[in-house]
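A short write-up of the structure that comes next.
Numbering (our numbering), first residue to last: -12 to 85.
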């Protein structure tokens, strides 16, 4: 199944200004074999959202908020926001590697 990424262009620009992380870099965490993903229960009133923590292609540990949708031919990940993981989030990710 083909993995496809999408996002709102305006939101992507504001994310770079606010967090210094592009969605182009954020999407690379989905190639991390040790990626942690869990439901974002606090922000899933209108749609099912997920939080993923993983290493980007640039070697940064990032937290990515996203939705997922599957069709017959593709798996669509819509990135909502991304930022550098906090120390606690990074520790959670690193401890899960063991």
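All C-beta atoms in this analysis are idealised placements derived from N, C-alpha and C, irrespective of residue type, glycine included.
Item: Reduced DSSP secondary structure (H/G/I, E/B, other) of residue 28; Value: helix
Item: Straight-line gap, residue 63 to residue 8 (C-alpha atoms, nearest Å); Value: 20 Å
Item: Those residues which DSSP pairs with residue 41 across a bridge; Value: 49
Item: Validate contact between the stretch 18 to 26 and the stretch 41 to 60 using beta carbons, cut 8 Å, 3 pairs; Value: yes
Item: Cβ-based neighbour list, residue 45, same chain, cut-off 7 Å, excluding 5 preceding and 5 following; Value: 12
Item: Cβ distance (whole Å) where residue 49 is taken to contact residue 65 below 8 Å; Value: Wrong, their Cβ atoms sit about 16 Å apart, outside the cutoff.
Item: Three-state secondary structure (DSSP) of residue 54; Value: strand
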